[in-house]
Amino acid sequence: MPDNRKADKILCIEDELDIRTEIGEELSHSGFDVLLAADGGQALDILRTEHPALIICDILMPGLSGLDFFRTIRASHRHLDGTPFLFLSALADRSHILDGLRLGADDYLTKPVDFEMLQMKVRSKLSLVERVRLHDDSQPADCDIHFSPREKQVLAELAKGHTNMRIAEIVGISEHTVGDYLKSIYRKLKVTSRVQAARVALETGIVRLGPR
């Protein structure tokens, strides 16, 4: 019986033609509908009419950098808040990778691209989004979820819009530990992004923000 489901769209932004082409071919052969852009400007044009299920973006690009592109879509394309975002960077650019993760990116891939790892991360992120969607369709978020005092503290600072680095400073723990708490929080709330976590926490009253 043929599979009539629509292929997930993946937007890949990479200024190096060879790498962009290879990623596009690899994902296309795996059944994905791939949208390719050579820079952030082209990607923003694509996003005027397309809603990708996942975005892969090089960090260091001429013009609009990957970090600036990420900031732009998080600020002006709120419908993409729950869309997984993976940065692509040379292993030597570790500081840029960390900057991307601090901004709220979901994961990263290093160059040269390990295509088996690419496939694994893409499918894993899309699978998580689908599980969350199915759960959300079947039942509302549970406002009686148990959080430890530290998890509540991290979640409260997250809801204020703080980065992982700032949360670590406020709470007095390492960024790595903040990341561990966020993984636990995402799992309990059944969400996949910072924005979703903050929204659910505020809507259900798990977190209440007083006047600033």
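In terms of my numbering, the sequence shown is residues 4 to 215.
Just so it is clear, CB atoms sit at the ideal spot from N, CA and C, and this is done for glycine as well.
Under 8 Å Cβ to Cβ from residue i, same chain only, skipping five residues before and after it: list those, please.
| i | result |
| --- | --- |
| R74 | L106 |
| S31 | V37 |
| G66 | D42, G43 and G44 |
| G103 | I62, G69, L70, F73, F90, S92 and Y111 |
| K114 | I22, L91, S92, A93 and L94 |
| K128 | L57, P87, L89, D109, D110 and T195 |
Which residues in the same chain have their Cβ closer than 7 Å to the Cβ of residue i, if we skip the five residues on either side of it in sequence?
| i | result |
| --- | --- |
| P55 | K12, I13, L14, L38 and T86 |
| I170 | V157, E160, L161 and V181 |
Do residue i and residue j have their C-beta atoms closer together than 7 Å?
| i | j | result |
| --- | --- | --- |
| A41 | D61 | no |
| V203 | L185 | no |
| F35 | I58 | no |
| I176 | E154 | no |
| A46 | I26 | no |
Tell me the rounded alpha-carbon separation between residue i and residue j.
| i | j | result |
| --- | --- | --- |
| F118 | L112 | 10 Å |
| S33 | E53 | 20 Å |
| R190 | L205 | 17 Å |
| F150 | G208 | 13 Å |
| H99 | M168 | 14 Å |
| L101 | I76 | 19 Å |
Under the assumption that residue i contacts residue j (Cβ atoms under 8 Å), give the Cβ distance between them as a whole number of angstroms.
| i | j | result |
| --- | --- | --- |
| V210 | A159 | 5 Å |
| D84 | S196 | 6 Å |
| Q156 | V174 | 6 Å |
- In the segment 153–200, which residue ranges form an unbroken alpha helix (DSSP H) of at least 4 residues, counting only runs that do not cross its ends? 167–174 and 178–192
- Continuous alpha helix (DSSP H) assignments of at least 4 residues falling wholly in the segment 23–72: 43–49
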